[in-house]
Each structure stands twice: as C-alpha cells, then as structure tokens.
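Counting along the sequence shown from 1, when you hit position 281 you're at 273 in our numbering, and nothing is skipped either side.
Glycine included, each C-beta is placed from N, C-alpha and C at the ideal position.
Please read all numbers here as calculations on a predicted model, not as lab measurements.
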Amino acid sequence: CGAAVAAESSTGTWTTVWTDGLTTLDRYKGRCYDIEPVPGEDNQYIAYVAYPIDLFEEGSVTNLFTSIVGNVFGFKALRALRLEDLRIPPAYVKTFQGPPHGIQVERDKLNKYGRGLLGCTIKPKLGLSAKNYGRAVYECLRGGLDFTKDDENVNSQPFMRWRDRFLFVAEACYKAQAETGEIKGHYLNATAATCEEMLKRAQCAKELGIPIVMHDYLTGGFTANTSLATYCRDHGLLLHIHRAMHAVIDRQRNHGIHFRVLAKALRMSGGDHLHSGTVVG
-7 CGAAVAAESS TGTWTTVWTD GLTTLDRYKG RCYDIEPVPG EDNQYIAYVA
43 YPIDLFEEGS VTNLFTSIVG NVFGFKALRA LRLEDLRIPP AYVKTFQGPP
93 HGIQVERDKL NKYGRGLLGC TIKPKLGLSA KNYGRAVYEC LRGGLDFTKD
143 DENVNSQPFM RWRDRFLFVA EACYKAQAET GEIKGHYLNA TAATCEEMLK
193 RAQCAKELGI PIVMHDYLTG GFTANTSLAT YCRDHGLLLH IHRAMHAVID
243 RQRNHGIHFR VLAKALRMSG GDHLHSGTVV G
C-alpha cells in the first residue's frame, strides 16, 4: 500500500497509458522507502514516502498539498490514511517567503520588550453592533491589554459590516493609546469571500494605522493566505493566523493530517503567529 500511495500522489494512475512512454517516469515517481508497524496497533503502519523536488512548484503550498494529499486520501485500497509529518528539503523551503515579519518586528512596532504580550478575543463574537464592539475593544485596551482581536467568523455580517468595525476599532485603539501612553493594537480579521476583497480590507487597516490583521488560513485557503502574507510583508502589517477548521482535518488519530504538518505549511505560506486555542473546551 505504501508504494500505491507513492504512485497515486505522484506519476501513477489507475491504468497504463501510452503517454507514460513520453517521459522518464522513474525520475519523477514517488517512492515508499520504508514501512513499519504502529506500536500497539493492529493493521496500522507508518509508511515513509519520498518525492522528487521537481514535482512541486516553487513557493506554492497549494501545489504541494494538492500533490501529496489532494487525491490519495480517497484511495479505495486504504481504510484510512493520515499524514503524520512532512520533512521538507531546505532547497525547497527557501523558495517560500515565510512569515511577513516575526516577533522582533512586532515588539519594535509596539515598543514592548522583555515580557509576553497580553490580549483577548472580543465576546460575544457575533451579534454586537460596530459601535458596541469598538466600546468593548476600548475597555480592554484601556484596562491594560496590549491587543484585542476579532474571532474567526467575524467578517462582514448584516449586524456589523467590516468597514464600520474597522473604523470603531481604530477609534478605540487611538483613544486607549492617548490615555495610557502605550501602543495598542487589534487583530482585524481581513478574511473575505475573494482575495481582492481580502486585500482591500487589509489596505483599509493599514490606512487606519492598525498594526496587524488576521486571516483564517484553512477556510480562506493557502493561495489567499500567501497573497495576504505577501501584502503584509510589503506594507508593514503584522499577520495573525486563526486555525478555524483544523479539527476537521487533524482530530482523528487514524485519518487526516497532523497539525504539525498544517503548522509547517503555514510557516511556508506566511503568518507571524498562530492561534493555538483555549485550554478549556
């Protein structure tokens, strides 16, 4: 089965085709080079599969994932399949731009060093008007927090359109800054239905002077996330990432993708820090 997975996720298909003779398949096919049983489990195995680097487009997490997990998880020969880890050659990693900035740039922007940064998510996450949302942001920042943030599904709903939220949040940040003498911020969720709309929201955040935006990288998609990370790098915005939808992919122990793989993918796609979830619930 390991060899079948390697073939299905590289050059193989369900039958022999005459075009196989038009290329050097041996150069491009994936290879299962080791297989071992999972300790304590019956009929479960860990297969080690290697792929030629030429199979993947440079700087594209989308292409990488389409190749190695895009089709093979529906393979009828397997009852279940889980991608436990991904080891990526430095030569391929270097084709990605990675995080827009990093923690040192964030500390420089906030002028805060030598301690952790403290923030919270505004609740209830849905249902507040933009004015009341801004009021909650102000109270939190005025009370001593460094950041507040939108939740993952705060986008542009009828009860609070995105532009209204951005304006009231910016007002709250500036008011709290004036009263505390500290630089404050709010993670404005730029996730949208299209890449064009997402970048428009990020541009608005920059024009308002907000230092950071946020993106739901799994529901938004790797292409959108890489586009936003590139914009943030070019325009001096920090990028916070929410992992909404991750449990659909990583929760089952015998099927799906381990979160360490999703985190590595994000590292390549671009994000300054990643939401890790609460310790409760």
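Residue i to residue j, Cα distance in whole Å?
i: proline 203; j: isoleucine 175; result: 10 Å
i: phenylalanine 139; j: glycine 212; result: 23 Å
i: asparagine 147; j: histidine 207; result: 10 Å
i: histidine 250; j: isoleucine 241; result: 8 Å
i: leucine 231; j: valine 161; result: 17 Å
i: tyrosine 223; j: leucine 266; result: 18 Å
i: alanine 236; j: tyrosine 209; result: 8 Å
i: alanine 185; j: threonine 218; result: 15 Å
i: glycine 62; j: arginine 23; result: 17 Å
i: asparagine 181; j: lysine 117; result: 12 Å
i: lysine 141; j: isoleucine 114; result: 6 Å
i: aspartate 26; j: glutamine 36; result: 14 Å
i: methionine 152; j: glutamate 28; result: 53 Å
i: alanine 164; j: serine 121; result: 14 Å
i: proline 15; j: aspartate 226; result: It should be noted that the sequence gives threonine, not proline, for residue 15. Cα-Cα distance, rounded: 40 Å.
i: arginine 107; j: leucine 17; result: 54 Å
i: glycine 248; j: leucine 70; result: 13 Å
i: glutamine 169; j: glutamate 199; result: 17 Å
i: asparagine 246; j: proline 31; result: 13 Å
i: alanine 123; j: tyrosine 84; result: A small fix is needed here, since residue 123 is lysine in this sequence, not alanine. Roughly 47 Å separates the two Cα atoms.
i: phenylalanine 65; j: aspartate 34; result: 20 Å
i: arginine 127; j: isoleucine 38; result: 52 Å
i: asparagine 145; j: valine 205; result: 14 Å
Taking C-alpha atoms, which residue in the options lies nearest to residue i?
i: arginine 134; options: Gly262, His178, Ala83, Val(-3); result: His178
i: valine 253; options: Asp34, Phe57, Ile114; result: Phe57
i: alanine 42; options: Gly201, Pro116, Asp77; result: Asp77
i: serine 268; options: Ser261, Gly248, Ala239, His247; result: Ala239
i: leucine 229; options: Ala216, Tyr20, Thr16, Lys101; result: Lys101
i: threonine 270; options: Cys196, Leu220, Cys112; result: Cys112
i: phenylalanine 158; options: Lys192, Cys187, Ile38; result: Lys192
i: glutamine 244; options: Arg99, Ala72, Arg79; result: Ala72
i: lysine 21; options: Glu199, Leu47, Tyr84; result: Leu47
i: leucine 258; options: Tyr166, Lys198, Arg155, Thr54; result: Thr54
i: proline 150; options: Leu137, Gly119, Leu75; result: Gly119
i: phenylalanine 214; options: Lys256, Glu199, Ala194; result: Lys256
i: tyrosine 104; options: Ile38, Ala39, Gly136, Val64; result: Per the sequence shown, the amino acid found at residue 104 is lysine instead of tyrosine. Of the candidates Ile38, Ala39, Gly136, Val64, the one whose C-alpha sits nearest the C-alpha of lysine 104 is Gly136.
i: methionine 190; options: Val64, Trp154, Thr87; result: Trp154
i: lysine 86; options: Asp34, Glu49, Glu98; result: Glu49
i: threonine 183; options: Glu171, Gly201, Ala216, Thr172; result: Ala216
i: tyrosine 40; options: Leu75, Glu33, Ala194; result: Leu75
i: glutamate 171; options: Asn145, Cys132, Gly201; result: Cys132
Are residue i and residue j touching if we call contact CB-CB under 9 Å?
i: glycine 51; j: glutamine 89; result: yes
i: cysteine 187; j: leucine 220; result: yes
i: isoleucine 80; j: methionine 260; result: yes
i: proline 92; j: glycine 263; result: yes
i: lysine 167; j: tyrosine 130; result: yes
i: aspartate 143; j: histidine 234; result: yes
i: valine 9; j: phenylalanine 67; result: no
i: glutamate 98; j: leucine 109; result: yes
For residue i, list the residues DSSP reports as bridge partners.
i: glutamate 131; result: Partner(s): none; glutamate 131 has no beta bridge.
i: cysteine 112; result: Thr140
i: valine 161; result: Note: valine 161 sits in no beta bridge, so no partner.
i: alanine 39; result: Ile27
i: glutamine 149; result: Met152
i: leucine 73; result: Answer by DSSP bridge pairing: none, since leucine 73 is not bridged.
i: isoleucine 45; result: None, per the DSSP bridge assignment.
What is the residue span of the alpha helix (DSSP H) that residue i lies within?
i: arginine 274; result: Shown here, the chain extends from -7 to 273; a query on residue 274 therefore has no answer.
i: valine 302; result: This structure cannot speak to residue 302, because the chain is shown only from -7 to 273.
i: tyrosine 223; result: 214 to 227
i: leucine 254; result: 251 to 261
i: valine 205; result: Unbroken run through valine 205 is the beta strand (DSSP E), 204 to 208; no alpha helix (DSSP H).
i: tyrosine 20; result: 17 to 20
i: histidine 279; result: The structure shown has nothing for residue 279, since the chain only spans -7 to 273.
i: leucine 118; result: Taken as a continuous stretch (DSSP letters only), leucine 118 belongs to no alpha helix (DSSP H), as it is neither H nor E.
i: isoleucine 95; result: 95 to 102
i: leucine 191; result: 187 to 199
How would you write the range of the beta strand (DSSP E) that residue i sits in, first residue to last?
i: histidine 247; result: Segment: none, histidine 247 is in no beta strand (DSSP E) and carries neither H nor E.
i: isoleucine 80; result: Note, isoleucine 80: premise wrong, no beta strand (DSSP E); not H, not E.
i: glycine 274; result: Because the chain is modelled from -7 through 273, residue 274 falls outside the range shown and cannot be assessed.
i: histidine 234; result: 230 to 234
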